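Enquirer: Structure in structure tokens, see below.
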Amino acid sequence: MKPDRFFASFAAAAALLTALAAPAADALKSTNPAKVGTLVKEGDLNTITLTPQAEQRLGIATVAVERKSVPRSRSFGGDVMIRAGGALTVTAPVAATVVGALPQPGAPVKRGQTLCQLRAILSPTERVNVATTLSEAQGTVAGFKATLAAARVTLARAEQLRKVEAGSQRAVDDAQAAVSVSDANLKAAETRVATLAAVLKDLEAGGITALAVTAPLDGFVMVVRTSDGQQVAAGAVLLEITALDPLWLRVPVYAGEANTLQTNAAAHVTRLGAKAGDAGISAKPTAAPPSANAPASTVDFYFELPNADARFRPGERVSVSLPLTTAESNLVAPWAAVLHDIHGGQWVYEQTAPQTFVRRRVVVERVVGNDAVLASGPPVGAKLVTAGAAELFGTELGGGK
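Set out below in structure tokens:
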């Protein structure tokens, strides 16, 4: 009977403990300090739903993401410089006194514009010198004509060899540069001959009037070396004029990369510090004397830079994007669809359903014209908001109207 009493006592004690523990568990459950409800998906946080009237007022427009072949390019530093024949000096054809105020440095001038007048100071010996100088100038003109003719023959031969693939494009460029330089030298020499001939004609007529000094080209006065009332010798420099439209752009490229570039294609030029999407300006290749830098292992490519608005200055450093010979397939979205937050993050709004828009993160690799090439982003076919994207951004973040 003793074992039975033992088991009965044990069962009674266990029942008593269970009864005492039940209220304590209920009390702990009722005082739980944290309560977890239904979790919200992260994607739902960036979702905006508009009414049809709101969508119409915002003028929402969408464009689908595409995958297409985009020309690749590489950026280099370029130096803006004065083109060959773009800087000329204006000299006094005879010993004379300067009459009239000359333009100040930086003043724009037009071809044929009168810069000042010269009143000749001629002795009998100087009259002989004028005739001698005229003869020498005429000989110089003849020499430049022969040089120009030879340069044109060389250019024609180089172009013919290039057509039959027996010559190089560099030979054609060199010949074209020689033609340009020879033509500029010939024009300057002919102007000098015309001036000297007019002076000699006046001398033979028994007198000479004030000689007008005119600008040989459109440009800007860079340096003035004389003033009103000053006496100058024959050949003295009066002022220097530089043409700033167009300019040349020199782009040094590592020799190992030269074969990967489309050297005959136009370059895209932007100023330093330009923002992404800046339209920039297009510069076409031009013929220039070949140059390279052996210590730096670079070769130079030259482009003609339009500068009608005087945006660029000689000596300025710019960013130049040169197209590569290869292209690749990329995700492409309109640049107008990309938004930036205060931390520099890039976002787009994708239309997932009628009047429903979801903000998606994207990574823009580069901008080509009006397109943004995406390193990551929505898939092909996703409809991205272009017109009205900024208004959606403000509505979501509390800055909308």
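For the sequence shown, position 245 matches number 245 in my numbering, and the numbering has no gaps at all.
C-beta atoms are modelled at their ideal positions from N, C-alpha and C, and glycine is treated no differently.
From a predicted model like this one, the values you see are computed outputs, not experimental measurements.
Given that a residue counts as buried once 16 or more other Cβ atoms are within 10 Å of its Cβ, and exposed if not, what is I241?
Expert: Buried, by the Cβ-count rule.
Enquirer: Strictly by DSSP, which residues pair up with L272?
Expert: Paired residues: none, contrary to the question.
Enquirer: What are the boundary residues of the beta strand (DSSP E) that includes R83?
Expert: Unbroken run through R83: none, as it is neither H nor E.
Enquirer: I'd like the list of long-range same chain contacts for I121, defined as Cβ closer than 7 Å, with 5 residues on each side in sequence excluded.
Expert: A95, A96, T97, Q231.
Enquirer: Within the same chain, show all residues whose beta-carbon is closer than 8 Å to that of M1, passing over the 5 residues directly before and after it, in chain order.
Expert: With a pLDDT of 47 at M1, under the threshold of 50, the modelled position of this residue cannot be trusted; read the value that follows with caution. Closer than 8 Å at Cβ, skipping near neighbours: no residue.
Enquirer: Got a sec, what are the start and stop residues for the beta strand (DSSP E) Q230 sits in?
Expert: From DSSP, Q230 is part of no beta strand (DSSP E); its letter is neither H nor E.
Enquirer: Check each candidate in I82, M222, V63 and name the one with the smallest Cα separation from G315.
Expert: With distances taken between Cα atoms, G315 lies closest to I82.
Enquirer: Relative to the alpha-carbon of W248, which residue among D300, L211, A215, R225 has its alpha-carbon at the smallest distance?
Expert: Residue D300 is the option with its Cα nearest to W248.
Enquirer: Apart from the five residues on each side of it in sequence, which residues of its chain come closer than 8 Å, Cβ to Cβ, to G381?
Expert: Excluding positions up to five away in sequence, the list reads A64, V65.
Enquirer: Is it buried or exposed for G139, if we count other Cβ within 10 angstroms and need 16 for buried?
Expert: The residue in question, G139, is exposed, as its Cβ has fewer than 16 Cβ neighbours within 10 Å.
Enquirer: Return the first residue and the last residue of the beta strand (DSSP E) that L115 is part of.
Expert: That run of the beta strand (DSSP E) goes 114-120.
Enquirer: Would A210 pass as a contact of V109 if the rule is Cβ separation under 7 Å?
Expert: No, Cβ-Cβ distance for A210 and V109 is not below 7 Å.
Enquirer: What are the boundary residues of the alpha helix (DSSP H) that T263 is part of?
Expert: No alpha helix (DSSP H) holds T263; DSSP gives it neither H nor E.
Enquirer: Taking C-alpha atoms, which residue in S227, R157, A266 lies nearest to P306?
Expert: If we check each option's Cα against that of P306, A266 comes out closest.
Enquirer: For N185, write down the residues that DSSP places opposite it in a beta bridge.
Expert: DSSP output for N185 lists no bridge partner at all.
Enquirer: Could you check which residue in R67, A258, V362 has the C-alpha nearest to that of R170?
Expert: If we check each option's Cα against that of R170, A258 comes out closest.
Enquirer: Any idea what DSSP makes of R170, helix, strand or coil?
Expert: Residue state, collapsed to three classes: helix.
Enquirer: Can you tell me where the beta strand (DSSP E) holding T51 begins and where it ends?
Expert: Note, T51: premise wrong, no beta strand (DSSP E); not H, not E.
Enquirer: Mind checking which residues open and close the beta strand (DSSP E) that includes A375?
Expert: 371-376 is the span of the beta strand (DSSP E), which, as asked, contains A375.
Enquirer: What's the C-alpha gap between E391 and S319?
Expert: Whole-angstrom Cα-Cα distance: 33 Å.
Enquirer: Going straight from the alpha carbon of T226 to that of S182, what length do you get?
Expert: Distance between the alpha carbons of T226 and S182: 29 Å.
Enquirer: Please report how far the alpha carbon of V213 lies from the alpha carbon of P246, in whole angstroms.
Expert: Spanning the two alpha carbons is a distance of roughly 24 Å.
Enquirer: Taking all protein chains shown into account, do 16 or more other C-beta atoms lie within 10 angstroms of the C-beta of R359, making it buried, or fewer, making it exposed?
Expert: Classification for R359: buried.
Enquirer: Comparing alpha-carbon positions, which option in V373, V269, Q355, N293 lies nearest S75?
Expert: Nearest option by C-alpha distance: V269.
Enquirer: Measuring only the C-alpha atoms, how far is L384 from G344?
Expert: For L384 and G344, the distance between alpha carbons rounds to 19 Å.
Enquirer: Quick one: using the 10 Å Cβ neighbour count with 16 as the cut-off for buried, is Q53 buried or exposed?
Expert: Q53 is exposed by the Cβ-count criterion.
Enquirer: For G59, count neighbouring C-beta atoms within 10 Å of its own C-beta (all shown protein chains included) and say buried if the count is 16 or more, exposed if not.
Expert: Counting Cβ neighbours within 10 Å, G59 comes out exposed, since fewer than 16 surround it.
Enquirer: Contact defined as beta carbons within less than 8 Å: I believe L322 pairs with G377. What is the distance between those atoms, to the nearest angstrom?
Expert: About 27 Å; that fails the 8 Å criterion.
Enquirer: Buried or exposed, going by whether 16 or more other CB atoms sit within 10 Å of the CB of T356?
Expert: Label assigned to T356: exposed.
Enquirer: Taking its Cβ as the centre, do 16 or more other Cβ atoms sit within 10 Å of V128, making it buried, or is it exposed?
Expert: Burial call: exposed.
Enquirer: Just to confirm my understanding: we take A372, look at its own chain, exclude 5 residues before and 5 after, and list those with CB closer than 6 Å. What are they?
Expert: The answer, listed in chain order, is A333, W335, V338, V364.
Enquirer: Closest to S297 by C-alpha separation, out of K275, A283, V253, T325, would be which residue?
Expert: The candidate whose alpha carbon is nearest that of S297 is V253.
Enquirer: Grab me the residues of T62's own chain with a C-beta within less than 8 Å of its C-beta, minus the 5 sequence neighbours each way, in chain order.
Expert: Around T62: Q351, K383, L384, V385, T386.
Enquirer: So what does V362 bridge to, in DSSP terms?
Expert: Q346, per the DSSP bridge assignment.
Enquirer: Taking DSSP's pairing of strands, which residues face Q351 in a bridge?
Expert: Note: Q351 sits in a beta bridge opposite F357.
Enquirer: By the DSSP assignment, the beta strand (DSSP E) with A212 in it spans what residues?
Expert: Where A212 is concerned, the enclosing beta strand (DSSP E) stretches over 211-214.
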